[in-house]
Amino acid sequence: MTAEELCSSLHTLLLQLPVYTSPSDVPFSNGLYFFYETGETSQHAPAGRIVRIGNHPRSDGTLVRRLKQHYGGRKNGSVFRRYLGGALIRCSTTQSPCLMPGPGLGHWERQHANTCSACDVIEKQVSAVLYSSFSFRCVEISARQVRNRLEGLLIATLANCGTCGPSAEWLGRNAYSTVVQTTGLWNSDFVTGPLLQEADFKDFDFVVSETVNKWVCTRNC
Ligand SMILES: [Zn+2]
Ligand SMILES: [Zn+2]
C-alpha cells in the first residue's frame, strides 16, 4: 500500500470511534490519540484530517493524564502547547518578547525555559483554542511496545501523503517548526521515519476493532 492509500484507509478506519472534546471523556488509560482541528479537511479526510498523533511513550496508564497536560497543563510539559502558543502569538504580533530573539529561540518555545507574566495569558489562550477548535479520537493499545511502534509509523505515513496537507489558513503555518508547517501535523518526531507496512496496518486495524468492540458497541449496539 502507498502512503496515499494508507492515509485514506486510516482516516476511514478511525471514523468508527467516538469523537472526544475533553480528556476526561476517554474511558480507558492506555492508547494513542488523534487530534482533529476545525477547518482542516483533505481529500482523504473530508470529515476532518488528523492534525496530530500522540502517545504516552514512557509510562503506562497515563493516556488521560497526557491529554490533560495538553489541555490544561503548562507549556514546558507539552510540545503541542509550545507549538500552539507560538503560532497563536505570531498570528497577532511578530514582536512578542516571549518569542524573541527568533523562531524556536524565545522562552515560550524553548522547553524548560522560564515563563513571564505574558506567558500566563498565552497558556489560557492555548487551553481555550484546544477546547474550541480541536477534538480527538483514541485507540486503546495497552502494550507499550506496540503503542510506541505504531505511533512512529502512523506519523510518518500521514506526513508522507502527497495528497493531503494543511489548509491555507492553518494555524500551524505559524508554528516555528518547519516540519509542522510543511507536514500539516503538530508533530515533529518520526516524520522521516519508516512508513506503515501492510502487516502494521493489519495490527492497527485490529486494535481499532478491539476498541470499537470494547468501548463503543457495548454501550451503543
Ligand atoms: Zn513570556
Ligand atoms: Zn492523505
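Terminal number for the sequence shown in our numbering: 221, no gaps in between. The C-beta atom is built at its ideal place from N, Cα and C for all residues, glycine as well. The structure displayed is predicted, hence computed values, not measured ones.
- Pairwise C-beta distances place the stretch 67-82 in contact with the stretch 119-127, as three or more of them are shorter than 8 Å.
- Counting other Cβ atoms within 10 Å of its Cβ, Asn55 reaches 16 or more and is therefore classed as buried.
- Beta bridge pairing from DSSP links Tyr83 with no other residue.
- Pairing Phe204 with Leu150, the inter-Cα distance amounts to about 7 Å.
- The alpha carbon of Ser78 has as its nearest neighbour, out of Glu123, Gly39 and Tyr20, the alpha carbon of Glu123.
- Under the criterion of beta carbons closer than 8 Å, Ser92 and Thr21 do not qualify as touching, at roughly 25 Å.
- For Thr163, the CB falls within less than 7 Å of some heavy atom of ligand 2.
- Boundaries of the beta strand (DSSP E) harbouring Arg52: Ile50 to Gly54, taken from the DSSP string.
- For Ala159, the CB contacts under 7 Å within the same chain, skipping 5 residues up- and downstream, are Thr183, Leu185 and Val191 in chain order.
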